[in-house]
Amino acid sequence: MNREARTPAEGHAIDDAGPQPLLVVNHLAVDYVTAGKAPAHALEDVSFALRKGEVLGVVGESGCGKTTLMLSLMRLLPAAGRIVGGQILLNGVDLLDYSERAMQQVRWKQISMIFQGAM
């Protein structure tokens, strides 16, 4: 995985005068790999920032990558899913550097999601 440091996403530059983002996603890329086939690029260059009090709603056509994006943020991709680039910064710390054990301490406490059709 190419983990080179990058600046915050274009259009999401961190304003020193305003509240710092709680979540910053920079250039996230996710592939799905299947034996004997080329990787399927599910997400390419996804970037956004979320500050305290903001809510993110993700909508789109079936198969456009909504679930892959959210599962990536939670580090819950299925076995064939691979985060192949980018950063997921929660309070300035890259979740891609966390072990599974560390993620278990973060999931549902510091970062969570509401699944479609949850009611």
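Take 653 as the starting number for the sequence shown in the working numbering and just add one per residue.
By construction, the Cβ of each residue, glycine as well, lies at the ideal position given by its N, Cα and C atoms.
**Report entry** Buried or exposed (CB count within 10 angstroms, at least 16 for buried), residue 678
**Finding:** Within the sequence shown, residue 678 is the residue found at index 26, counting from 1. Note on residue 678: 16 or more other CB atoms within 10 angstroms of its CB, so buried under the neighbour-count rule.
Query - Where residue 753 falls: helix, strand or coil (DSSP) - result: By one-based count along the sequence shown, residue 753 stands at place 101. Looking at residue 753 - three-state DSSP - the assignment turns out to be helix.
Query raised in the report: For residue 720 versus residue 737, is the C-beta spacing smaller than 8 Å?
Result: For this step, residue 720 is matched to residue 68 along the sequence shown. For this step, residue 737 is matched to residue 85 along the sequence shown. Cβ distance not < 8 Å, so residue 720 and residue 737 don't count as in contact.
**Report entry** CB contact below 8 Å: residue 683 versus chain C
**Finding:** As a matter of chain content, chain C is missing from the structure shown, which is built from one protein chain.
Query raised in the report: Can we say the stretch 740-759 touches the stretch 717-731, given the rule of at least three CB pairs closer than 8 Å?
Result: yes
Query raised in the report: Would residue 695 pass as a contact of residue 680 if the rule is Cβ separation under 8 Å?
Result: Here residue 695 corresponds to residue number 43 of the sequence shown, with the count starting at 1. Here residue 680 corresponds to residue number 28 of the sequence shown, with the count starting at 1. The answer is yes: Cβ separation under 8 Å.
Requested in this report: Over the uninterrupted beta strand (DSSP E) stretch that includes residue 714, give me the two end residues.
Outcome: Walking along the sequence shown from the start, residue 714 turns up at place 62. Taken as a continuous stretch (DSSP letters only), residue 714 belongs to no beta strand (DSSP E), as it is neither H nor E.
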